[in-house]
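Worksheet: one structure, shown below.
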Amino acid sequence: MGDDTGLSHDEQYSTATTVEEFRNNIADVERRIAAAGERVGRDRIEIELLPVSKTVPQERIRLAVAAGCAKLGENKVQEAHRKSEEMVDLDIDWAVIGHLQSNKAKDVAKFAGEFQALDRIKVARALDRRLQAEGRSLDVYVQVNTSSEDSKFGMPPEELFGFLKDVRSFDSLKVQGLMTLAIFSSDIDRVRPCFQLLRSLRDQVHETDPDLLGPGRLSMGMSGDFEVAIEEGADCVRVGQAIFGKRALPDSHYWPEAD
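Going letter by letter, the sequence shown gives residues 1 to 259 in UniProt numbering.
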């Protein structure tokens, strides 16, 4: 598969251990984002890069922040909460992008600036209650299972519209758009339809009731497939290994919560 696809799940990502190495990795990802956008007539400014720092110790996260990372994504709530407290001296905007149990909603309400994996009313209700107590609101994305894999979190596409109508009753939850994880494959013909489906769902909701999705942003694409996601309309790409380096364990160990 050619370099233009960006589908590089087996790539040996270089581990950044200095500020300069982080800057180089970020610059490379930025170049790839810009090139993918240019292929489909999109401006770089339209696309958010969300660095994913899961499993990365705070010493290296501090280097990444020094290299320019101001917002970080984390899958595990407890890990993210701990890191937010360890690095309270830094101005980091934390985004929780992994599955959330309702009993952890209180932690998210305390420190997170964004939650990208909303897929159950029970969690929406718990978050709203905790956020009301904190006197604040939270930007959220609704996660959709576009690959039809049992191992993936996210709601079935056919339930999305009803879910969005129910979520509207929770004043503290500010829906920004939709999020998905594509099928984990180097085959572009299997990956691309996952992104196309999310875009189609967004467009359908906008045509029916645009207020349900706010800006209607699409968070999709990871280190191995973000260029394809951008070609299909991603507004936010979640990139971990291409910035921080290869993890000690293979991505299959983290599914369904890969970056």
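Cβ coordinates follow ideal geometry from the N, Cα and C atoms, glycine included.
Identity of the residue in the options nearest residue i by Cα
i, options, result
"F111", "R238, S137, G162, T18", "S137"
"L90", "L72, K106, H99", "L72"
"Q101", "E232, S147, R199, A124", "A124"
"G221", "R62, A182, V205", "A182"
"Q241", "V140, K83, V56", "V56"
"L201", "D28, N145, S172, L127", "N145"
"R130", "I92, D171, D150", "D171"
"F115", "D107, R199, D139", "D139"
"E149", "V205, V19, C194, R62", "C194"
"I61", "I92, R42, L49", "I92"
Environment of residue i [buried if 16+ CB atoms lie within 10 Å]
i, result
"P156", "exposed"
"Q143", "buried"
"T208", "exposed"
"K152", "buried"
"N75", "buried"
"Q176", "buried"
"D259", "Note on D259: pLDDT 43, under 50, position unreliable in the model; no value is reported."
"G135", "exposed"
"A105", "buried"
"H99", "buried"
"I88", "Note that residue 88 is Val in the sequence shown, not Ile. That one is exposed."
"E159", "exposed"
"D187", "exposed"
"D128", "buried"
Spatial distance of residue i from residue j (CA atoms)
i, j, result
"V228", "A34", "12 angstroms"
"Q78", "S223", "23 angstroms"
"L178", "T17", "33 angstroms"
"Q196", "I243", "26 angstroms"
"E85", "D189", "42 angstroms"
"D4", "S185", "With a pLDDT of only 39 at D4, under the threshold of 50, the placement of this residue in the model should not be trusted, and no figure is reported."
"I45", "R32", "13 angstroms"
"A133", "H81", "18 angstroms"
"C236", "T180", "11 angstroms"
"K54", "D211", "33 angstroms"
"G233", "N103", "34 angstroms"
"V40", "P51", "23 angstroms"
"R247", "E21", "16 angstroms"
"D203", "W94", "28 angstroms"
"E38", "E30", "12 angstroms"
"R23", "Q12", "18 angstroms"
"A27", "G214", "31 angstroms"
"A109", "S14", "34 angstroms"
"G216", "R168", "14 angstroms"
"A70", "V96", "14 angstroms"
"D225", "A67", "24 angstroms"
"R238", "V205", "23 angstroms"
Opposing strand residues paired with residue i [DSSP bridges]
i, result
"residue 281", "The structure shown has nothing for residue 281, since the chain only spans 1 to 259."
"F170", "DSSP output for F170 lists no bridge partner at all."
Do the stretch 111-126 and the stretch 162-170 meet, that is, are 3 or more Cβ pairs less than 8 angstroms apart? Put simply, the stretch 111-126 touches the stretch 162-170. At least three CB pairs are less than 8 angstroms apart.
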